[in-house]
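Protein chains in written order, with full-length UniProt numbering: chain Y, 1 to 621; chain W, 1 to 184.
We put the beta carbon where it would ideally sit given N, CA and C, even for glycine.
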């Protein structure tokens with residue numbers, strides 16, 4: 001049949017070829033990469049057999065060092081050795097000051113209000129630093145899987161707002177990764193446990209990492225993971241436990257925090273972390289700092305961190321309330337994150353939930369493992385029928401209205417994807433423009449929430465106050481990323497923004513960074529552009545080819561079918577022309593031509609999903 | 001290419017293949033929801049390019065909206081009246097009978113004084129029970145009027161929905177208050 005003629009070698013891959021898909025846990029303290037091989041998910045080690053990559057990036061004289069090699073320089077080269085960069089993702093300079101911790105770096109302002117860290121290799125943004133970590137993991141995966149990666153699922157804390165998610169996606173883009181999906185960390189952990197243990201019912205995931213705390217309540221039923229509620233604290237984690245211990249050490253050693261240079265500051269934090277970890281198994285631990293020596297007992301330690309643990313339990317309660325679930329209804333509690341090794345944490349969670357928390361999968365690896373399983377499904381290596389994740393947005397989205405108040409358009413814990421429109425009107429007679437400020441958060445006052453973006457709708461017809469109708473539509477995709485558009489209903493004047501957060505990178509900045517990273521790889525910009533378009537063309541050919549094979553004969557007329565097949569052949573021709581611009585135009589043309597086919601496939605999917613059900617048969621139920 | 005059946009124009013009852021009634025079998029609704037999402041969710045089309053993704057996002061969002069509408073009795077009631085050509089304008093149509101308004105005022109006063117009450121939690125429980133009961137009563141009234149289906153009944157049903165809306169709002173505020181009290 002005609003279809004086979006387009007599948008020439010090198011254009012469309014074999015239908016059953018396994019895709020190289022990975023799950024990446026981009027953590028505050030540690031990062032991991034995992035993949036599914038022969039049906040089971042495993043984290044991938046580096047050449048030395050280390051699975052965990054410390055999330056540390058050093059800008060040295062020689063170049064960029066990531067992970068264990070950078071670790072020793074945390075103290076002796078602290079300005080150029082960056083740790084816990086995740087805390088700065090999607091944050092503004094003023095946020096950095098309110099994070100409640102001393103960061104030993106020199107910050108400078110960028111074109112956008114994103115903080116840049118001054119290093120000996122120039123100023124770097126948190127997005128670039130994260131991209132270095134992702135690059136190191138991707139390289140490890142490429143070596144291990146024997147070729148270019150097809151795509152990745154990258155995890156983020158469920159509580160990450162739009163700016164933080166966008167920053168993560170930008171970092172992946174910069175690292176040259178194709179992102180299948182951003183996945184919430186607790187959901188990833190639930191997947192890892194759910195698929196392993198065949199659990200059904202309500203699961204709570206308690207995730208206490210190095211810098212963030214997440215709590216999610218999910219219902220698992222017939223392969224569908226439905227997140228019911230999520231909550232947490234983006235500025236609470238194991239690092240804060242260390243800080244409490246460090247404070248205690250400084251007090252005992254009679255050292256004022258303000259007197260510490262950045263090296264000693266790191267040193268006391270490292271000692272605090274060691275003591276915390278040792279107290280997991282020991283009842284008492286020796287402490288030394290700056291010539292001072294002492295001992296900390298677990299009982300004392302518990303006293304120090306109790307307020308922090310209590311805060312997490314409070315979030316847990318709130319999430320259950322949001323989910324409309326009582327503690328007794330929880331079927332399992334899953335523990336994620338290294339900080340859940342702290343005995344007081346386990347005890348408190350067990351006491352509150354009445355369940356012995358599940359810890360059978362290494363809490364450091366469970367997120368990466370779940371992400372790899374999801375990546376495997378999204379890559380098409382495993383049927384999507386078996387598993388579906390339905391996630392929610394963690395924080396409400398809204399707009400600024402008169403009087404500095406936030407009007408919520410989408411409430412927190414709404415299942416995504418979601419699209420919602422709200423109508424607004426003008427405030428003054430003859431008003432022709434309207435400033436739209438997009439907000440995220442739960443508070444009533446605009447100033448207490450996070451401002452994601454601002455844009456203007458111009459060209460509103462001059463009418464009496466209250467007469468113009470402006471419809472603002474919010475759309476959140478499966479990654480939890482927001483698109484906002486506004487339209488004046490009478491004239492159809494439109495304005496839309498992909499919400500590029502106030503603290504994010506501008507498109508120009510990304511382009512410049514991509515260019516810089518390319519020239520350093522001695523790759524010509526045009527060659528790169530062409531390569532990108534070729535990859536895009538391959539992706540389209542493969543997607544359309546698969547779709548045509550699956551449903552083409554059924555849903556298209558002979559004529560329509562042949563036309564699309566001809567289009568694909570033509571794209572093959574254009575691809576050989578070697579012109580990035582020509583390929584791009586052809587891709588756009590074919591994409592448009594196949595839109596209707598795509599819509600028919602969706603509709604047919606809906607019909608098939610519910611085929612056999614008759615409305616009448618349920619009348620009595 | 002044209003002339004296809006676009007399911008996005010179907011009403012939510014048709015989409016979920018449920019009878020157009022006020023009573024909705026919630027177990028069935030959840031089951032249909034999962035089936036629908038399995039067929040339209042963007043994750044099913046992860047390898048199929050940006051356009052297909054965008055279309056899938058729209059469909060999945062529509063299915064989510066359908067679930068939300070059919071799940072909540074208030075939203076369902078509003079939606080039914082809209083389908084029947086009697087949309088309720090909650091912003092402008094606020095003509096209420098005095099008995100109801102008096103009751104609202106008393107309830108709101110009680111709510112604002114919960115914190116000062118000698119046993120705030122018990123008082124909160126009492127108010128929540130009262131509000132929940134009246135929401136249930138309005139739902140029953142609505143179901144009855146909807147069943148009758150004539151013009152006059154639908155007009156009355158519309159008034160009932162407005163009262164229901166007031167009570168649901170109050171119920172949300174009570175829940176908010178409860179969470180604040182528990183967090184203290």
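| Check | Outcome |
| --- | --- |
| Going along the chain, which unbroken runs of the alpha helix (DSSP H) with 4 or more residues stay wholly within the region 34 to 87 of chain W? | 49 to 71, 73 to 83 |
| At a CB-CB cut-off below 9 Å, which residues of chain A make contact with residue 64 of chain W? | Of the protein chains in the structure, Y and W, none is chain A. |
| Count the other CB atoms, across all protein chains shown, that sit within 10 Å of the CB of residue 166 of chain W; report buried if there are 16 or more and exposed otherwise. | buried |
| Can you list, in chain order, the stretches of the beta strand (DSSP E) that have 3 or more residues and sit fully within the region 336 to 422 of chain Y? | 388 to 390, 397 to 401, 405 to 410 |
| Within this structure, are the beta carbons of residue 210 of chain Y and residue 232 of chain Y separated by less than 8 Å? | no |
| Go ahead and label residue 179 of chain Y buried or exposed: buried means 16 or more other beta carbons lie within 10 angstroms of its beta carbon, across all protein chains shown. | buried |
| Are residue 182 of chain Y and residue 128 of chain Y touching if we call contact CB-CB under 8 Å? | no |
| Please list the segments of the beta strand (DSSP E) lying wholly inside the region 514 to 579 of chain Y, counting only runs of 3 or more residues, in order along the chain. | none |
| Report the option in Y/327, Y/578, Y/599, Y/140 whose CA atom is closest to the CA atom of residue 534 of chain Y. | Y/578 |
| Let me confirm a value: residue 161 of chain Y is counted as buried when at least 16 other C-beta atoms fall within 10 Å, else exposed. Which label applies? | buried |
| Under 8 Å Cβ to Cβ from residue 30 of chain Y, same chain only, skipping five residues before and after it: list those, please. | 52, 53, 54, 55, 210, 338, 364 |
| Assess contact between the region 399 to 409 of chain Y and the region 439 to 451 of chain Y, defined as three or more Cβ pairs (one per stretch) separated by less than 8 Å. Is contact present? | yes |
| Between the beta-carbon of residue 60 of chain W and the beta-carbon of residue 86 of chain W, is there less than 8 Å? | no |
| Per the contact definition of three or more C-beta pairs closer than 8 Å, is the region 447 to 465 of chain Y in contact with the region 65 to 79 of chain W? | no |
| Find the residues of chain Y that neighbour residue 47 of chain W, judging by a C-beta separation of less than 9 Å, and give them in chain order. | 19, 150, 151, 180, 378, 379, 380, 539, 542, 543, 546 |
| So is residue 110 of chain W in contact with chain Y if we call contact Cβ pairs under 8 Å? | no |
| Residues in the same chain with beta-carbon distance under 6 Å from residue 239 of chain Y, minus the five sequence neighbours each way, listed in chain order, please. | 210, 211 |
| Which same chain residues, not among the five before or five after residue 584 of chain Y, have their C-beta less than 6 Å away from its C-beta? | 533 |
| Can you tell which of Y/84, Y/576, Y/563 has its C-alpha closest to the C-alpha of residue 589 of chain Y? | Y/563 |
| Below 8 Å, how does it come out for the region 157 to 173 of chain W and the region 120 to 140 of chain W: are there three or more Cβ pairs, yes or no? | yes |
| Quick one: residues in its chain with C-beta nearer than 7 Å to the C-beta of residue 171 of chain Y, no 5 flanking neighbours on either side, listed in chain order? | 127, 130, 131, 134 |
| Please say whether residue 199 of chain Y and residue 25 of chain Y have beta carbons closer to each other than 8 Å? | no |
| Suppose you measure from the CA of residue 178 of chain W to the CA of residue 464 of chain Y; what does that come to, to the nearest Å? | 43 Å |
| Only counting the same chain, and skipping five residues up and downstream in sequence, which positions put a Cβ closer than 8 Å to that of residue 12 of chain Y? | In this predicted model, residue 12 of chain Y has a pLDDT of only 42, less than 50, meaning its place in the structure is not dependable enough to derive any value. |
| Can you give the Cα-Cα distance for residue 358 of chain Y and residue 334 of chain Y, rounded to whole angstroms? | 5 Å |
| So, does the CB of residue 37 of chain Y fall closer than 8 Å to a CB anywhere in chain W? | no |
| Skipping 5 residues on each side, what residues in its chain have a beta carbon closer than 6 Å to that of residue 341 of chain Y? | 280 |
| Report yes or no: do the region 240 to 250 of chain Y and the region 215 to 232 of chain Y share at least 3 C-beta pairs separated by less than 8 Å? | no |
| By the DSSP assignment, the alpha helix (DSSP H) with residue 602 of chain Y in it spans what residues? | 595 to 609 |
| If you follow the alpha helix (DSSP H) that residue 131 of chain Y is in, where does it begin and where does it stop? | 126 to 145 |
| Are the CB atoms of residue 547 of chain Y and residue 601 of chain Y nearer to each other than 8 Å? | yes |
| Beta-carbon separation of residue 330 of chain Y and residue 204 of chain Y under 8 Å? | yes |
| Return the residue from the list Y/76, Y/67, Y/115, Y/107 that minimises the CA-CA distance to residue 89 of chain Y. | Y/115 |
| Applying a beta-carbon distance threshold of less than 8 Å, which residues of chain W neighbour residue 409 of chain Y? | Neighbours of residue 409 of chain Y on chain W: none; closest Cβ ~13 Å, over 8 Å. |
| Which residue comes first and which comes last in the alpha helix (DSSP H) that contains residue 17 of chain Y? | Looking at the DSSP string, residue 17 of chain Y is not in any alpha helix (DSSP H), and its letter there is neither H nor E. |
| Would you list the one or two residues that DSSP bridges to residue 491 of chain Y? | Beta-bridge pairing links residue 491 of chain Y to no other residue. |
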